[in-house]
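Numbering (the working numbering), first residue to last: 11 to 144. Read through the structure below, which is laid out as structure tokens, and then see the notes.
So this is what it looks like as structure tokens:
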């Protein structure tokens, strides 16, 4: 009986060591997966906003303020904060039919993450869509 107790105590110690090694790895993988999913969602949100803004920008009667408002509505509904929206050419009303119009939507990665700002630094995530003016 004493032999079985001694063996069980050694096994409990091994389980503690295994847990102390595996638990931090598991938590790292778990939070890494959550963060990767968050960044994928953010990128898709930016793609959607740039697509919708570019689609509206190539229409005949679109103004820059209406386009920015639409993009901001989409982004705010998805929880994206501090976006930057740029147009090429900068005055889309001056673009004539057949000219390419590009809308770029970007956001600082550090403003959209759960990780400390030092992880992403000054990196930005962006999406760009180009259509031909009607």
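Backbone N, C-alpha and C fix where the C-beta goes; we use that ideal spot for every residue, glycine too.
Closest by CA to residue i, which one among the options?
i           : options           : result
residue 97  : 125, 137, 129, 31 : 137
residue 53  : 135, 143, 140     : 135
residue 117 : 132, 125, 70, 126 : 132
residue 86  : 108, 69, 115      : 115
residue 51  : 39, 104, 90       : 90
If contacts are defined as beta-carbon pairs under 8 Å, then residue i and residue j qualify, I think. What distance do you get, rounded to the angstrom?
i           : j           : result
residue 106 : residue 143 : 7 Å
residue 80  : residue 62  : 6 Å
residue 66  : residue 59  : That belief does not hold up - the Cβ atoms of residue 66 and residue 59 are roughly 11 Å apart, past 8 Å.
residue 102 : residue 78  : Going by Cβ atoms, the distance from residue 102 to residue 78 rounds to 11 Å, so no, they are not a contact pair.
residue 113 : residue 46  : About 26 Å; that fails the 8 Å criterion.
Could you give the residue range of the alpha helix (DSSP H) that holds residue i?
i           : result
residue 86  : 74-87
residue 142 : Where residue 142 is concerned, there is no enclosing alpha helix (DSSP H), although the beta strand (DSSP E) it sits in stretches over 134-142.
residue 127 : 127-130
Where do the ends of the beta strand (DSSP E) carrying residue i lie?
i           : result
residue 115 : 110-118
Would you list the one or two residues that DSSP bridges to residue i?
i          : result
residue 97 : 113
If we call anything under 7 Å between Cβ atoms a contact, is residue i one with residue j?
i          : j           : result
residue 55 : residue 92  : no
residue 99 : residue 140 : no
Taking 6 Å as the line, does the beta carbon of residue i fall inside it for any heavy atom of the ligand FMN?
i           : result
residue 115 : Looking for the ligand FMN in the displayed structure turns up nothing, as the structure carries no ligands at all.
At least one CB of chain E closer than 7 Å to the CB of residue i: is that the case?
i          : result
residue 69 : Judged by its chain identifiers, the structure shown contains no chain E, having just a single protein chain.
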